[in-house]
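Taking my numbering as reference, the numbering of the sequence shown is continuous, increasing by one, and the terminal residue is 1672. The C-beta atom is built at its ideal place from N, Cα and C for all residues, glycine as well. Down below is the structure, laid out as structure tokens.
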Amino acid sequence: MVCSNLAIALVHYPVYNKHHEVVTSALTNLDQHDIARSSKTFGLDRFYIVTPSEEQRKLAERISGHWQQGWGADYNPDRRLALDIVRVIPTIAAAAADFQIGFSKPVRIAVTGAAQRPGSIALDSFRRHLQEADQPYLLLLGTGWGLTDECFATADLILEPIAGNGIYNHLSVRSAAAIMLDRLKGIEREDSYTNNQSIIQEEGNQ
1467 MVCSNLAIAL VHYPVYNKHH EVVTSALTNL DQHDIARSSK TFGLDRFYIV
1517 TPSEEQRKLA ERISGHWQQG WGADYNPDRR LALDIVRVIP TIAAAAADFQ
1567 IGFSKPVRIA VTGAAQRPGS IALDSFRRHL QEADQPYLLL LGTGWGLTDE
1617 CFATADLILE PIAGNGIYNH LSVRSAAAIM LDRLKGIERE DSYTNNQSII
1667 QEEGNQ
């Protein structure tokens, strides 16, 4: 079985609060469900929830467990398949070590946030990096007011933020994750559109 060389880690520490203090943010039920579903949809095998809080880790395990066995698994098997890929981990380093299993090359860390940063690369460039199937990448997504500066300073790659068409840029992390996964792992729609137009033109010429 070929494993996906991309995994997402939703980081609850170290992140900032609105006062730019380093904190541990609280788990959000919707983030766990929706990012797991997006990750599974686009072929990822792992989605890490990173928090040093034992209480929060137990909560995340309970949320996943509800849909993995018993009534929840019977009621919504599709949800079970998505939550089966969730791994609840205390640190970023532990997530990287877990993801390393099965790969010979060391895991590279990619990070992103809402603000533009020097040296960042576009998502289409990162998509090309992912074509090297034996090179694993762990993509860190921050909660709260975003990942700390240290996370960006120690990362191997910094990805450009998702840009809207105005000055407002406050996507939820689960929305940002879905957009990024579509751009990184989804069908390249420009090629599909071109192929469809060629087919239509050929049929019209017959």
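- Scanning Leu1547, Thr1614, Asp1622 and Val1552 for the CA closest to the CA of asparagine 1483 turns up Thr1614.
- Here aspartate 1511 has Cys1469, Ser1470, Ala1473 and Ile1551 as same chain residues with Cβ atoms under 8 Å from its own Cβ, once five neighbours each way along the sequence are excluded.
- Boundaries cannot be given for valine 1573, as no alpha helix (DSSP H) includes it and DSSP labels it neither H nor E.
- Following the DSSP letters along the chain, one finds leucine 1647 inside the alpha helix (DSSP H) bounded by residues 1639-1651.
- The secondary-structure analysis by DSSP pairs leucine 1613 across a beta bridge with Val1481.
- Isoleucine 1624 is positioned such that its CB atom lies closer than 7 Å to that of valine 1577.
- Distances from the alpha-carbon of isoleucine 1558 to those of Ser1638, Thr1620 and Ala1492 put Thr1620 closest.
- For isoleucine 1555, the enclosing beta strand (DSSP E) begins and ends at 1552-1555.
- In chain order, Ile1628 place their CB closer than 6 Å to the CB of isoleucine 1645, counting only its own chain and leaving out the 5 sequence neighbours on each side.
- Looking only at Arg1594, Ser1530 and Ile1575, the smallest Cα-Cα distance to tyrosine 1603 is reached by Ile1575.
- The beta carbons of leucine 1476 and glutamine 1522 sit about 12 Å from each other, so the pair does not count as a contact at 8 Å.
- Rounded to the nearest whole angstrom, the CA to CA distance from glutamine 1498 to serine 1504 is 10 Å.
- Counting of Cβ neighbours within 10 angstroms places lysine 1524 among the exposed residues, the total staying below 16.
- In this structure, DSSP gives isoleucine 1474 an extended state, which the three-state scheme calls strand.
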